[in-house]
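Undergrad: First to last, the protein sequences are chains D, E, C and F.
Just so you know, the first sequence maps onto residues 1 to 241 in our numbering.
Just so you know, the second sequence maps onto residues 1 to 488 in our numbering.
Just so you know, the third sequence maps onto residues 1 to 191 in our numbering.
Just so you know, the fourth sequence maps onto residues 1 to 737 in our numbering.
All C-beta atoms, glycine included, are put in the ideal place defined by N, C-alpha and C.
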Amino acid sequence: MIKPEEIKMSTDESGKWGMVIDQDICTGCQACVAACAMENNISFVGEADSGYGRSMHWIRIERFWEGEYPEVKMTPNQPMMCQQCGSATCEPVCPAFATIHSQAEQLNLQVYNRCIGTRYCANNCPYQVRSFNWRDYERPEPLPNQFNPDVTVRRRGVMEKCTFCIQRIHKAQDKAKSEGREVLDGEFTTACAQACPASAITFGRVDDPESLVSQLAHRGHGVKHLEELGTLPNVTYFKGG
Amino acid sequence: MAGYNNNAVHKKVESAHPKAESHHHDEEHFREKHLMLDPLPRGQMNDMVMESMTTTSWKFWAVFGLLSVIVAVCLFYVWGYMISEGLGVTGKNRPSYWGLFLVNTVFWIGISHAGTFISAILRVFKAEFRRPFTRAAELMTTFGLVQAGFSVFMHLGRVWLFYWLLPYPNQRMLWPNLHSPLSWDLLAITTYLLSSTMYLFLPLIPDLAMARDKSTGWRKTFYKTLALGFRGTEGEWTHLRNAMNIFAFAIIPVMFSVHTIVSWDFAAATRPGWNSTIFGPYFVVGALHSGMGAVVMVLAVVRGTMKNMKYFIRPEHFDAIGKLMLIISMAWAYFFFNDYMVQWYGGDKWTKQLLHFHEAGPMGWMWFAMLIANIAIPWAVLWNPKWRSTPWIVFVVGLIINFGMYLERYIIVPVSLSINRMPFTWRLYYPRVEVLLGIGTLAFFIWLYMAASRLIPLIPVWEVEEGQMAHELKKFGRETVVSVSELE
Amino acid sequence: MIKRLFDWLKQPLGLIAVGIAFLALFSLAAYGIFQSQQSPAQPIQFPHATHAARGLQCLYCHPGAARGPSAGIPAQAKCWACHQQIQKTLDSQLADTQFPLLKPLVAAVTSNTPLEWVPVAMVPDFVQFNHRAHVAAGQNCENCHGDMTKVTVAENPQVFNMGFCLNCHKKVAGENHELLVKLTDCGTCHY
Amino acid sequence: MSDKLSRRDFLKLAGVGAASTAVLTGCGPASRSVKREPYMQMPEYTYNGLSTYYATTCRECAAGCGLVVRTSQGRAIKTEGNANNPLNLGKTCARGQATLHGLYNPDRVTDPIKRTRGNASGDIVTWENATQIVADALKNNKPEEIAFLMGMAPDHLFDLVADLANSTGINAPVRFGALNMFESRATLSKAAENLFGEAGLPFFDVGGAQVVFSFGANFLETWLSPVSYTRGFAGLREGQTKKRGTFVQFESRMSSTAGKADEWMPLRPGTEALVALAIGRLASELRGGSMPRAFADVDPLEAASKSGIKLETLEHLAEMFANSTGALAIPGGTALGQSNGLAVAEAVLALNAIADNFGKPGGVFFSALAPNQTEYQRSASVKEMQEFVQQMADGKFKVLFVHGLNPIFELPASLDFKNALKNVEQVISFATFPDETALESDYVFPDHHGLESWGYQRVATGSAQPVLSGAQPVVSPFYNTRATADVLIAAAQLASGKFAEALPFQDEVEFLQSKISPLMSEADGFFSAADIDTFAAYFQQYGGWWKLSDGRAVPNSADVLNRSLSSAEAEFAGEGEFFFVPFVSPTLAEAGANKPWLQELPDPTTTVMWNTWVEINPVTAEELGLKDDDVVTITSEAGVLEVPVYRYPAIRPDTIAIPFGQGHTAYGRYATALDENGKIIKRGVNPTDLLGQHFNEAGDLAFAGMKVNIKKTGKKQLLSRLESIMGVYGVGLGEEK
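1. Would you tell me roughly how many angstroms separate the C-alpha atoms of W545 (chain F) and Y538 (chain F), rounded to the nearest one?
2. Secondary structure at D251 (chain D), three-state DSSP: helix, strand or coil?
3. So what does DSSP say about T225 (chain E), is it helix, strand or coil?
4. At what residues does the beta strand (DSSP E) containing T635 (chain F) begin and finish?
5. Closer than 9 Å by beta-carbon distance: list the chain F residues that pair up with L69 (chain C), in chain order.
6. I'd like to check one pair, V632 (chain F) with E642 (chain F): are the Cβ atoms closer than 9 Å?
7. Mapping DSSP to helix, strand and coil, what is I313 (chain E)?
8. Using a beta-carbon distance below 9 Å, is R458 (chain F) in contact with chain D?
9. Of all the options F:F409, F:V402, F:E425, F:L701, which has the alpha carbon lying nearest to the alpha carbon of A431 (chain F)?
10. Return the CA-CA distance between N105 (chain F) and N88 (chain F), expressed in angstroms with no decimal places.
11. Quick check on DSSP: helix, strand or coil for L40 (chain E)?
12. Count the other C-beta atoms from every protein chain shown that fall within 10 angstroms of the C-beta of H664 (chain F), then say buried if there are 16 or more, exposed otherwise.
13. Do you know whose CA, among F:E637, F:L565, F:E723, F:I656, lies nearest L274 (chain F)'s CA?
14. Classify H259 (chain E): buried if its beta carbon has 16 or more other beta carbons within 10 angstroms, exposed otherwise.
15. If I'm right that G543 (chain F) touches V708 (chain F) with Cβ under 8 Å, what's the distance once you round it to whole angstroms?
16. According to DSSP, P644 (chain F) sits in a beta bridge with which residue or residues?
17. Could you pull out every residue in the same chain whose Cβ sits closer than 7 Å to the Cβ of V18 (chain C), ignoring the five residues on either side in sequence?
18. Can you tell me which of C:I86, C:A136, C:L25 puts its alpha carbon nearest to the alpha carbon of S178 (chain D)?
19. Are the stretch 89–100 of chain D and the stretch 176–184 of chain E touching by the rule of at least three beta carbon pairs closer than 8 Å?
20. Quick check on DSSP: helix, strand or coil for H156 (chain F)?
21. Buried or exposed for M173 (chain E), please, with buried defined as at least 16 other CB atoms from any protein chain shown within 10 angstroms of its CB.
22. To the nearest angstrom, how far is it from the Cα of P144 (chain D) to the Cα of A37 (chain D)?
23. Following a CB-centred definition, is M330 (chain E) positioned closer than 8 Å to any heavy atom of the ligand PLP?
24. Using the Cα positions of S720 (chain F) and W426 (chain E), report the straight-line distance between them to the nearest angstrom.
25. Among residues of its own chain, excluding the 5 on either side of F129 (chain E), which ones have a beta-carbon nearer than 7 Å to its beta-carbon?
26. Which runs of the alpha helix (DSSP H) spanning at least 4 residues fall entirely within the stretch 475–534 of chain F, listed in chain order?
27. Considering only C-alpha positions, which residue in the set F:N419, F:S453, F:H449, F:N617 is nearest to A437 (chain F)?
28. Going along chain D in order, which residues have a C-beta closer than 8 Å to the C-beta of Q128 (chain C)?
29. Answer yes if the stretch 124–138 of chain C comes into contact with the stretch 61–78 of chain C, meaning at least three C-beta pairs across the two stretches below 8 Å, and no otherwise.
30. Anyone know if the C-beta pair for N41 (chain D) and T152 (chain D) falls short of 9 Å?
31. CA-CA distance, L50 (chain F) and P69 (chain C)?
32. Could you say which of F:L722, F:F499, F:R458, F:V560 lies nearest to D163 (chain F) if we only look at CA atoms?
33. For the stretch 700–724 of chain F, which residues have a CB atom closer than 9 Å to at least one CB atom of chain E, in sequence order?
34. Can you give me the C-alpha to C-alpha distance between S284 (chain F) and S567 (chain F), rounded to a whole angstrom?
35. Within the same chain, show all residues whose beta-carbon is closer than 7 Å to that of F249 (chain E), passing over the 5 residues directly before and after it, in chain order.
36. Who are the neighbours of F153 (chain E) on chain F, taking C-beta pairs under 9 Å?
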C-alpha cells in the first residue's frame, strides 16, 4: 500500500526546505561562498589543486559571457549549490547508502562516515555540486580553532556537498521544541543567505505557503535548473532584468 | 626428453600411418594443418606438456624478476602511497570523478570475456579448433578479473571500508544499496570470478591428475592436492563432463550479464553520452573484441616462447580466431555506429556537444585512433587468410585492437566526464599515478600468467586427445574429408 | 653464508626461532595499537557513588544535559562551592591520611590550574548527539550511562554504537510512523 | 580493578571497528587519548556546548560593519553581521566572513620582537621592555621627530594618538589605506567642497534611485562601504519604488560592479568628464529651459568621437537620465584616479543637479557624521603621503610608529617607502601579522587581532544614521599580544610628564569610556543610560551606539550648475601603448591575502584564485600573439612586472587591468608562495609597482593615469580558475576560430 507521504513525494511541491535565489541582485561578491566555508569547515585546497578543479566550494557562483566586445554582457551571476532534489539522481547510485534522502527533512543527505568514496553520486549529479576530499588538506594550527563543532570535519576519500546548513535546521528545531512551538519562518537561515549583502538568497519552508520563500517562489518567472530531468530541485532561480 | 618440433612430428606421423600413395598428399596437407588430424600417442603429448612446464630458461626468470619488481613498486607501493595520501595523487578532478581506474576495470573485465567466450561458447557450439587453447583463454578470464578487482578497489576513496559493499548483518542495521549499479557490479564480478575460477578448475582436474602421475617432489604434492584424487574412472569422467556442461551453459549468461552490468554503471547514469540503451551489447561486443585480441597475443607468445607449443598451437588456430576477430570487429563497428547515430539524432544539446568534443576536442586523436585500431586495421588485415594465419601479424593486430579498445573505454569514461550539463565545470583529465598503477596491473597479469605457465598445464591434453580421437579422415570418391564423431 | 643461514633456519630450532620472532613482532604491533587506543588516567578516581549517595542529582553537576548538546564537566568552582564547606577537604592532615582523593582537587583549586578529566562516554565526531532532546524525551541518565550509585569512576555499561542508538530509537518510536522516520533518519545524527 | 577490566573490554570491542580509527573513520582523527579541561570558573552566560554571541566591529576594512561573533568554549567560530547595526543590517562581505582566518592565522606575530631590519626572525622581548622602549622613544626624542603612521581602523586608537599628539606636540598621526587611494576619497571631498562649498564625503542613495549612472565607482566591490552599497543596489533592482531601476556603468574595464549594470559603457579612459558633461548637456536640452553654464561649453559630438561612445547612445543615455524621476550619478574609482580626476568628480556630481536629487531619496547627500565626530576627516592622499615619505627620507623623523597599515606594500613602489625608512632611526610596528613593513621595523609589538580588541569605529558613510560601531574582544588573546592602546597608555605613564598627562587612563577600556561618555547625553540614541557603566555595557551588547534619526546633510546645490566645469581629457604618463587600470581585488582587498579562504575565493569577474593576472582583450591578445596563461612583461615609466594573461572579453582593446591585493613578499604563508627549493617568493604581483607619482588636482594618485607596454616573455604560468575555460570560453572544444 502506498503511504500518504509517498504520494506527496512525487508531486512538484514535495520539498520541505527550499531556497529562492534572485540572480538579478546577486553581485557575485562571494560572501556566501566564504560564509559557507566558515560555517561548514570546508577545506581550502591551495593554488595547484583549486586550478585543477578540486576546490571544495559547496556553493559556486557561475557567470558566462554573452556577445562580443563592446556589446559583451556578463550573464547574471548564478550561485550553484546542491539543489536538494526531491528525486535526486545522486541517491540511487550510491552503493553504501551514504547519500540518501532524508524523509524527515526532505533533504539529500551526505553521510560522511558511511561514504566509501566511489564518487558515483558526483558523476551522476547533473548540477556538479559535489566536492570530493581528494586529500587530507592541511589546516595548520591554530586554524582548526575556528571549526564549527556542529559540523563534522571531513577527511580524505569522502564526498561532501551543501547540506542546506542542516545543523542550523536541527538547532532551530531543537530550540523551538524546547520552547514548545514550531520553527518560525525566518527564525534561522543558512550561512549563505545570512551573509548575502544583497539578500539575494532566501531560505525557508517551501511546504508552507505563508513563508517568505514560498511567496517569492511563486512570484512567477522562476526557474528550477534542469527540471526536465525530473530531479524536482528545491532551489528556484530568478534571472530578473 | 628430447626436443620436439613439427618436422620430427611429421616424420613420425609418416612412419606411423603408412597410407595409400594417392592419398598421401591430401593427408599430409591436412595433418600439417590440423592438430586434430595430427595425433600423437597420449604419453608423448603428456610428456610434451610436462616438459613445456618444467623447461625454464634464465630469460624467463629475468622477465619474471623484472615483473615482480614492477608489481611490487607500481602496484603495491604506489597503491599504499595513494591510500595514505588520498586520491589527490591521481589526476581526477571535478567533473572527471572517475578516471583511469574504471577504464582499467572495464578493460580487464573485457579481457576476461575472451576466456569464457572461447571455452564456454565455443565448447557449447562444439567448435573443434578451440581445444588446445581453452585453458590459456580461461586463465585470462581469472587473471583478468583479479586485475579488474584491483582496479575497482583502487578507485575507492576509502578502500579500507570496501566491506560495506557486502551484504552482511551488522549492528548499524544497514545493507548495501541494491539500487546502485555499483552493487550489482560487485555481485556480478564476484559471481563471475567464482564461476570462472570453477570453470577453469574443472577441466584442469584430469590434467592435474596427469601431472601428478608424471612428477615428483613438491610438484607431486601440489598436483596431488589439486587433482582431488582423480583417477580417470568412467564415473569420474561422467561427473566431470556433466559438471562442465552445466558450467559451460551457466557461465554464458553470467558473462553477458557482467559486462552488461559494467555498462550499466554508465548507462544507468543521467549523463549525456552515457544514458544509452545499447551500451549493454556494445560493451559485451567490445569486451570480446579486446578479449580475442588478447587471446591471440597470449597464444602467439606461448607458441613462440614455450617448449613444444608449436605442435599444439598452429596457424589454423590463428586463422580461426582471426575470423572471429574480424566478425567481432564488424559487430563492434555496428554497435558503435548505432550508438553514435541514435545519440546524435536524439538532439540533446549536451549529448551533441559531447559527441563533438569526442572527435574535435583535445582528445579527438583518440577517437580517430580508436576507429582505425578497432575497425580499419582488423578489416584490412584479417580478411586475408594468409595474414591471419601468421602469428606475428595477428599478434600485432591483437595489440592494436587492445590499444583501440583501451582508447574506447578512455573516451567513454574520463573524456565523456569532461562534458556535462554545467559548462562552468567542464575540465580535462590528466592521469597521474593511475598510469603506474595501470602498468602494475598489467605486470601483475603477466606475472600471474607466467607463474601459472610453470605450475599448471597450459594445454588441456585430454581435450586435445579427445578431439584427435574423434577426428578422422575419410575418403569419398576422390575427395578426402574430415569426419568428426560425436563423443557424448 | 646465506645458504647456511637458511639451512639453520630449516632445522626445528630455527623454525621455533622464526616462530618466536614472528609472534614477538605481532604482539608488539598489537600492543602498540592497543596502547594507542588507551585513555589517559583520570586525575581523580572520582567517586560518583559517594556523591550520588548524598542525594546529588546528575543535573546538579552536569546541567548542560538538560539545556543543550553537551552535559559538560563541572567547573572546579562548582566542586569547590561545596567542598570548601566540608571539613575533611580543608583539613590537610585528614585529607592526607583518610581522603587522598581530595588532594588533587585541593591542589588544583589552590594553584588555580584546571583538572584535566578524561571523558568516558564519547561518540565519534561524526555523530551529532544532543543531550537535551534525550532528557526532554524522558530518558533517564542511567538508561545510557548506567547506575552511578554503584561506580566510582563512571564507566559505560554498553558500547555507544549505532545499533545501541537505533534499537532505542525504534523502541521509542513504536507505531508512531512520523517519529520513526525522524528518529531513524541518517540526518538526525550525521551531518 | 573490575571497572578497569570492563573498560578494557569495551575498548577491545570497540577496537574491532576502531582499531585504527584515526585512519578509518575519515572524519577527523578519533583518538582515544582525549582530555577535557573544564573551566575553572565558568564565565557568566556560558553553558557547555552552547554558543555565546558577542557583538563587535569588523576590522577587515574601515567601513565599520557590525559583527556578531559566535563563540563556543572560548573559541570564535563564525562571524555574522550585526542585525542591529544600521550600516550592514546583519550582512557581511566575504572578507568579514574570513576574518577568523586572520584571528587563527598560523602566521601571526606571537610575541613582541626586536629584530634587525629585514631579518625574518627576531628576539622576543618582554612586554615590560617593550613598553619601556616605547616610553623611551616618546621621551627621548623631540616631539617633531616622532611620527605615527596609522591605518584607517580602528578609530579609537587614532583618537588616542591624536589626543597624545595634540597635547604633547608630536606630529599629528597620519592615516592612510590603499583602499582609500583607489577610492580617491580626497578627490570626492574636494569636488564636494568646490561644488557645494563644504568638504565631506558624499553619500549616494542608490537604493532609492531609479536610474544610476556610475562613472568608475566600483561600489559593489570595495568602494567606500560595499555591504551598504550592495544593499542599496538590491534596493535599486527590487525597486523600492516598485519598479526595477536601471544601472549604467561607465568604465574602460568591466568590473564586477559593471557586470551587474544593464549597460556597460567602455569609454576611452580620460574622457569621463567630457561624457558626463555631454550627457548633462543633452539631458538639459531635453529638459528645456536655458542651458546651464556647467554644460554650455561641451560639444556632444566631440565627446562621442573622443570617448568612443556613439552619439545616439549618448542621446539615449541623456534621455534615460532626464526622463527618470530618480536619476543619480556617482563618480568614483578609476574615473577619479586620473590627472583630471577632480574635473570628473565635479562633472559627474553636477549631473545630479539636472535630476535635482540633492537631499532627496535616491539622491546625493553628505554622509552622516559619526556620533563623536564634528567634521569630516579623510585619510591622507598619496600626495600627502609623498610629503610624509620625503620627510622620512630627509631624516626628519627619529622614530616612526606604524599601526594598521602596511605602507611598503600599499604605497606605490615609486614612492620608495622602504628606502625612506632607512633614514628613520627607530621604527616600531604594532603589526598583528608579519607584513613587509613589520619586517623592516626594529620592533614589532603586536596588537591584538581585531576580534580580540576593544575599540570603536566611526562609520564614515553608508548609513543614513550616525553610527559609532563598538568593538569588544570576543575571545581572549590567543597569543602574547597586547593592545596598542594599552601599550601607548602604559608607555605614556612611564614617560611621565606631559605624556602621562595626555593619557591619564588606566587602560584602553577607561579611555574608551571617556570617549563614549559624551554620547550618554545625546538625544535620539538607539539606547541611553544614566551611568557610564550601564552605557558601556549596552555599547558592548549592541555593538555600538547610533542615532535613530537621519544624520545626512543636504548639500547646498544652489551654485552647482552655474559654474563652468572643465571637460579636459586626462593626461597619461608614460610612453606605453595601453591604458593601465589597476583595481582592488574585490575578495582580497589590501589585507586579505594572508587568509587562505579569501585566497581560495574566485575573483567575481575572472574566477581566478591564489594569483594575479592581467586582463587583456582577446582581440588585443591575438594581435600580440598571446594566449591565456602566457606570462607578459608590463613596463611603465615607474616599473616592470611579469604577470600571466587572462583574455578578458569585457575590457577595451587599448586597456589592460591588474588586480591589487597580491604580490606579497612577506605576510605569512598564504600571502606568499614557495619556489621549488622551498624559498619564500612572491605570490602574484603588486600593480602599485607600476604606478608613478602623478596626481590629480586634489592630491589623489592618478593610478589609472598611466600608459604601459606589454611584451611576451614566452613563459607560461597556469592560473587557477574556478570556471571552465572550455565551458565558458569554448577554448579546447574544437570550436576556436
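TA: Taking the geometry as given:
1. Residue numbering aside, residue 545 (chain F) sits at position 545 when the fourth sequence is read from its first letter. Residue numbering aside, residue 538 (chain F) sits at position 538 when the fourth sequence is read from its first letter. Rounded to whole angstroms, W545 (chain F) to Y538 (chain F) spans 8 Å at the Cα level.
2. Residue coverage of chain D in this structure runs from 1 to 241, which leaves residue 251 (chain D) outside it and unanswerable.
3. Sequence index remark: in the second sequence, residue 225 (chain E) carries index 225 (1-based). Three-state result, T225 (chain E): helix.
4. Here residue 635 (chain F) refers to the residue found at position 635 when the fourth sequence is read from its first residue. Run containing T635 (chain F): 630–635, per the beta strand (DSSP E) assignment.
5. The residue labelled residue 69 (chain C) in the question sits at position 69 within the third sequence. Correcting the residue identity first, residue 69 (chain C) is Pro in this sequence and not Leu. Correct list: N48, G49, L50.
6. The sequence position of residue 642 (chain F) within the fourth sequence is 642, counting from 1. The sequence position of residue 632 (chain F) within the fourth sequence is 632, counting from 1. Yes, Cβ-Cβ distance for E642 (chain F) and V632 (chain F) is below 9 Å.
7. Taking the second sequence and counting its residues from 1, the one referred to as residue 313 (chain E) is at position 313. In this structure, I313 (chain E) counts as coil in the three-state DSSP scheme.
8. The residue labelled residue 458 (chain F) in the question sits at position 458 within the fourth sequence. False, the Cβ-Cβ gap to chain D never drops below 9 Å.
9. Your numbering for residue 431 (chain F) matches position 431 in the fourth sequence. Taking only the C-alpha atoms, the option nearest A431 (chain F) is F:V402.
10. Position 105 of the fourth sequence holds residue 105 (chain F). Position 88 of the fourth sequence holds residue 88 (chain F). Between N105 (chain F) and N88 (chain F), the C-alpha separation is close to 25 Å.
11. The sequence position of residue 40 (chain E) within the second sequence is 40, counting from 1. Three-state result, L40 (chain E): coil.
12. Counting from 1 along the fourth sequence, the entry for residue 664 (chain F) is found at position 664. Classification of H664 (chain F): buried, given that the 10 Å Cβ count is 16 or more.
13. Working through the fourth sequence from its first residue, we reach residue 274 (chain F) at position 274. Considering only alpha carbons, the answer is F:L565.
14. As a first step, residue 259 (chain E) must be located in the second sequence, where it is residue number 259. Result: buried.
15. The residue labelled residue 543 (chain F) in the question sits at position 543 within the fourth sequence. The residue labelled residue 708 (chain F) in the question sits at position 708 within the fourth sequence. That pair is no contact at about 45 Å.
16. The residue given as residue 644 (chain F) occupies position 644 in the fourth sequence. Paired residues: F:V631.
17. In the third sequence, counting from the first residue as 1, residue 18 (chain C) sits at position 18. Only L9 meet the Cβ criterion.
18. Looking up residue 178 (chain D) in the first sequence gives position 178. Closest option to S178 (chain D), Cα to Cα, is C:A136.
19. yes
20. Position 156 of the fourth sequence, counted from the first residue, corresponds to residue 156 (chain F). In this structure, H156 (chain F) counts as helix in the three-state DSSP scheme.
21. On the second sequence, position 173 is the one that residue 173 (chain E) refers to. It counts as exposed.
22. The residue you call residue 144 (chain D) lines up with position 144 of the first sequence. The residue you call residue 37 (chain D) lines up with position 37 of the first sequence. Whole-angstrom Cα-Cα distance: 13 Å.
23. Ligands in the displayed structure: none, and consequently the ligand PLP is not present.
24. On the fourth sequence, position 720 is the one that residue 720 (chain F) refers to. On the second sequence, position 426 is the one that residue 426 (chain E) refers to. If I take the Cα positions, the gap works out to 14 Å.
25. In the second sequence, counting from the first residue as 1, residue 129 (chain E) sits at position 129. These residues qualify, in order along the chain: E316, H317, A320.
26. 484–495, 498–502, 508–516
27. If you number the fourth sequence from 1, residue 437 (chain F) lands on position 437. At residue 437 (chain F) the sequence reads Thr, which differs from the Ala that was named. Considering only alpha carbons, the answer is F:N419.
28. Walking along the third sequence from the start, residue 128 (chain C) turns up at place 128. Per Cβ cutoff of 8 Å: D150, T152, Q167, H170.
29. yes
30. One-based indexing of the first sequence puts residue 41 (chain D) at position 41. One-based indexing of the first sequence puts residue 152 (chain D) at position 152. Yes; because the gap between Cβ atoms is below 9 Å, this pair is in contact.
31. The residue you call residue 50 (chain F) lines up with position 50 of the fourth sequence. The residue you call residue 69 (chain C) lines up with position 69 of the third sequence. Approximately 7 Å between the Cα atoms of the pair.
32. Numbered from its first residue, the fourth sequence carries residue 163 (chain F) at position 163. The shortest Cα separation from D163 (chain F) among F:L722, F:F499, F:R458, F:V560 belongs to F:F499.
33. L722, E723, S724
34. Counting from one through the fourth sequence, the residue named residue 284 (chain F) turns up at place 284. Counting from one through the fourth sequence, the residue named residue 567 (chain F) turns up at place 567. The straight-line gap from Cα to Cα measures roughly 16 Å.
35. As a first step, residue 249 (chain E) must be located in the second sequence, where it is residue number 249. These residues qualify, in order along the chain: V124.
36. On the second sequence, position 153 is the one that residue 153 (chain E) refers to. Near F153 (chain E) there are no residues of chain F at all, since even the closest Cβ is about 16 Å away, more than 9 Å.
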